[in-house]
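Residue numbers (my numbering), protein chains in the order written: chain A, 121 to 333; chain B, 121 to 333.
The structure under discussion appears below in the form of structure tokens.
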DNA sequence: GGCATAATGTGAACACCAGTCACATCAGGT
DNA sequence: ACCTGATGTGACTGGTGTTCACATTATGCC
């Protein structure tokens, strides 16, 4: 069989010449990683399977060996974004130390809230991805999850006597709604771009601790 | 000139036969209207200029006489959605009547909040569109605007003595964050589909009136 | 080791999309 | 009557998600 340029098998031989293995080895992880970069830069709308395949150095159809559809990849990016958010909250929480457990529990709660909003402001595209409405839902629970970080924090406040136990059930959703609301508002198109929202953010966080007392 | 099927001008003559005018007359409005229907059914992602042109009965490129790009049409849909939301709030507010001005002002405030969340639950795609992050911003202010409805409502509460005037500045953002947060959470992918959120919604609304006192 | 089989990667092809262009049609002012 | 600007047209470019038959390689079983 001649080494014809139009030969269907040409690519395989070129691969041999370039020492590029036919199998990628960890394509799935590479695709998700590349997707995270794209989403961070250009948002979910800028995510293209073909583009991803190009940057990873693989043919477009190869992506379908790992994701049934683009939507499934978006879902993975979404889950990763939520986990990144949760890790950010943990770091912020652990940055608050002190011996007064009551005071510390409240300060940690507020630090978590502030970090939540800051994540949205600093990385609006990842924040958007984290909560994007998606046809296909997540298959595995987030690890770590922002929800459990928040619930734990409120539980600490209750233990320390900063919040009455009667609020245990409703408190997490109230707190989450507040920080999530200000976050989406500030990162949406209705908020004038470039205008600082520090005052509003502080007011909302303060109102949350007030309303949980 | 023969009536050749391959003739470039064939369409014009067919138009004559069908009594279909060459000019649509109100293409822009027709496109926005059709776009609202599509977004309501399939969300912003399902919006296609070609599809719109098809349903309106016009060629794809005609759309570019009225919108520089798809993004500009999305912006119009977004603005319309915000206005629809604001009108919903007005209806809900005016449904609350009574002679006790203080009590009425609070009940109206809560009715507005509830209607806000209900709009998101009933029409998640329009709600998504209303606050979609968009490259191109709105050119004209919304009429009516949900923000002004909310500010007015809080002003009424202050006048009636239900909220101290000292909260005037921060109150609207606090209230908006709360209802907007619970709305986006309930309509996002993290909220289990089909599960009612009535309890959580009630708790958040109640916490808002509490935190403004 | 040898070998079937599953997993993974390939190019070609289909249908769709946004956006541009030269040209066609028409409405309204001079 | 005619010119000019607004509006609508098809053809085209370059991009996309997805599927298909086929190629290559890893893996577990004898």
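Glycine included, C-beta positions come from ideal geometry on N, C-alpha and C.
No experiment lies behind these values; they were computed from the predicted model shown.
Outcome for residue i when other beta-carbon atoms lying within 10 angstroms are tallied against a minimum of 16
i	result
residue 319 (chain A)	exposed
residue 230 (chain B)	buried
residue 327 (chain B)	buried
residue 313 (chain B)	exposed
residue 202 (chain A)	buried
residue 316 (chain B)	exposed
residue 184 (chain B)	exposed
residue 262 (chain A)	buried
residue 293 (chain B)	buried
residue 200 (chain A)	buried
residue 233 (chain B)	buried
residue 307 (chain A)	buried
residue 146 (chain A)	exposed
residue 366 (chain A)	There is no way to answer for residue 366 (chain A), as the model of chain A reaches only from 121 to 333.
residue 228 (chain B)	buried
residue 298 (chain B)	buried
residue 211 (chain B)	exposed
residue 208 (chain A)	buried
residue 256 (chain B)	exposed
residue 220 (chain A)	exposed
residue 194 (chain B)	buried
residue 217 (chain A)	exposed
Inter-residue Cα distance where the pair is residue i and residue j
i	j	result
residue 182 (chain A)	residue 323 (chain A)	50 Å
residue 246 (chain A)	residue 198 (chain A)	8 Å
residue 143 (chain B)	residue 166 (chain A)	35 Å
residue 140 (chain A)	residue 150 (chain A)	16 Å
residue 336 (chain B)	residue 205 (chain B)	Nothing can be reported for residue 336 (chain B): it is not among the residues displayed for chain B, which extend from 121 to 333.
residue 100 (chain A)	residue 189 (chain A)	With chain A covering only 121 through 333, there is no way to say anything about residue 100 (chain A).
residue 177 (chain B)	residue 156 (chain B)	17 Å
residue 186 (chain B)	residue 300 (chain A)	36 Å
residue 251 (chain B)	residue 225 (chain B)	27 Å
residue 269 (chain A)	residue 192 (chain A)	26 Å
residue 331 (chain B)	residue 272 (chain A)	22 Å
residue 279 (chain A)	residue 264 (chain B)	46 Å
residue 309 (chain B)	residue 169 (chain A)	22 Å
residue 304 (chain A)	residue 240 (chain A)	7 Å
residue 254 (chain B)	residue 161 (chain A)	15 Å
residue 283 (chain B)	residue 325 (chain B)	15 Å
residue 173 (chain A)	residue 222 (chain A)	52 Å
residue 249 (chain A)	residue 158 (chain A)	11 Å
residue 154 (chain B)	residue 259 (chain B)	21 Å
residue 302 (chain B)	residue 287 (chain B)	22 Å
residue 290 (chain A)	residue 274 (chain A)	10 Å
residue 213 (chain B)	residue 235 (chain B)	9 Å
residue 237 (chain B)	residue 296 (chain B)	11 Å
residue 175 (chain A)	residue 281 (chain A)	53 Å
residue 321 (chain A)	residue 277 (chain B)	23 Å
Delimiting residues of the alpha helix (DSSP H) encompassing residue i
i	result
residue 222 (chain B)	221-242
residue 182 (chain B)	First-last for residue 182 (chain B): undefined, no H or E at that position.
residue 159 (chain A)	147-162
residue 203 (chain A)	190-214
- Could you tell me which uninterrupted alpha helix (DSSP H) segments, each at least 4 residues in length, are contained entirely in the stretch 271-326 of chain B, listed from first to last along the chain? 291-307
- At what residue ranges does the stretch 249-274 of chain A contain a whole run of the beta strand (DSSP E), taking only runs of 3 or more? none
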